[in-house]
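Using my numbering, count along the sequence shown one by one with no gaps and you end on 373. Single-structure report; data block below.
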Amino acid sequence: MTTRSPTLAHRAAARPLAGFDRRDADWYIDKLVAAVVFVCGISAILFVLGIFFFVTKEGIGFIFTKLDFREFFLTPYWSPSDAEDPEYGILALIAGTASVTGLAMLVAVPFSLGAAIFIAEFASGKTREALKVLVELLAAIPSVVWGFIGLVIMNPLLIKWFDIPVGLCVLNAGIILGLMAAPIMTSIAEDALKAVPDRYREAAEAMGATRWQVVYKVVLPAAKNGLLGGVLLGVGRGFGETMAVLMATGHAVNIPDSLFDSVRALTATIAAELGEAVVGGEHYQVLFTIGIFLFLITFIINLSADLIVRGIRKG
């Protein structure tokens, strides 16, 4: 009868325990990682709710005590610094924001969709990768740099080309804002185009369609939800932009009659006047009321984009 050495016996007895310890450690690590991911995910929601709560808390006093909806939304007179008779009409500010954002979309949509179609359907290899990197680099440029471009480069060019006294206008801000929104829209549009199954393209080519016919009649209709969602997200980006709009519009309270008129945006008004408003005062609360209005508008735009990307259609 052979006897096992104590060393071998100890090793044999230790194997199940060691295996149990590894499984137990893996279980704890898995739970820890799941908890960290959950906290990171829920923190984004908590931050948004916290920001909305703070903005609402600062502006709710004006909304329930002194806000006249007719004057606030339907009059263009903005003079909060008048001690005797302050006026808080944001119609001109809304018109300035809408005009700049609308022109920006006219600039951004053709460029972004064209770039996305070329990258997703026509470019290949190193060309595609290089273009994608360039698009990402454009998206990483800070808004204040775009504002400097509008102020230092676009301003004198518009004065020279169109013989106008001031180049800080709707046209200047629309071009700058369109270039800012184009990279984000290009990335989203490219993802939407790449999500179209290859069998759609192969079936169209098998029927004798040219490459452009495949894109125009097959790929674009199949990706229209994602493309429209990207456009709406670009609108949200343009509507909420601050620094570039502040530097390129001329910052004049005015309902524009042409592309060469100076205007003032809602976001730029908050950025320019919040530092000089008395904390807790009426002017201070009005600026936060504008912030609540902007928050609701951008929330509606982003929600609409998300629903469209998910393929939810009315009717």
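Backbone N, C-alpha and C define an ideal beta-carbon position, used for all residues, glycine too.
Query: With DSSP collapsed to three states, give me the class of Ser-137.; Result: strand
Query: Mind checking whether Tyr-135 and Val-344 have CB atoms under 9 angstroms apart?; Result: no
Query: Just to confirm before moving on: does the CB-CB distance between Ile-366 and Gly-287 stay below 9 angstroms?; Result: yes
Query: Shortest alpha-carbon distance to Pro-168 belongs to which of Thr-300, Ala-247, Met-212, Val-202?; Result: Ala-247
Query: In chain order, what residues of the same chain lie with their CB nearer than 6 angstroms to the CB of Gly-119, ignoring the 5 residues before and after it?; Result: Gln-343
Query: Rounded to whole angstroms, how far is the Cβ of Ala-239 from the Cβ of Ala-162, which I believe are closer than 8 angstroms?; Result: 6 angstroms
Query: How many angstroms separate the CA atom of Val-303 from the CA atom of Ala-231?; Result: 6 angstroms
Query: Taking the alpha carbon of Arg-128 as the point to measure from, which residue in Val-273, Leu-149, Thr-155 has its own alpha carbon closest?; Result: Leu-149
Query: Quick one: residues in its chain with C-beta nearer than 7 angstroms to the C-beta of Ala-250, no 5 flanking neighbours on either side, listed in chain order?; Result: Ala-281, Gly-284, Leu-285, Gly-288
Query: Would His-309 and Ala-326 qualify as a contact pair, given that the criterion is a beta-carbon distance under 9 angstroms?; Result: yes
Query: Along the chain, which unbroken stretches of the alpha helix (DSSP H) at least 4 residues long are found entirely within the stretch 192-223?; Result: 201-206, 213-220
Query: Cα separation between Ser-170 and Val-203?; Result: 20 angstroms
Query: Measuring CB to CB, does Thr-159 end up less than 9 angstroms from Phe-297?; Result: yes
Query: Per DSSP, Val-321 forms a beta bridge with which residues?; Result: Gly-308
Query: Do you know how far the Cα of Gly-338 is from the Cα of Glu-116?; Result: 7 angstroms
Query: In the DSSP assignment, find the unbroken alpha helix (DSSP H) run with Arg-241 in it and report its ends.; Result: Note on residue identity: the sequence assigns Pro, not Arg, to residue 241. It spans 228-252 - the alpha helix (DSSP H) in which Pro-241 sits, taken as one unbroken run.
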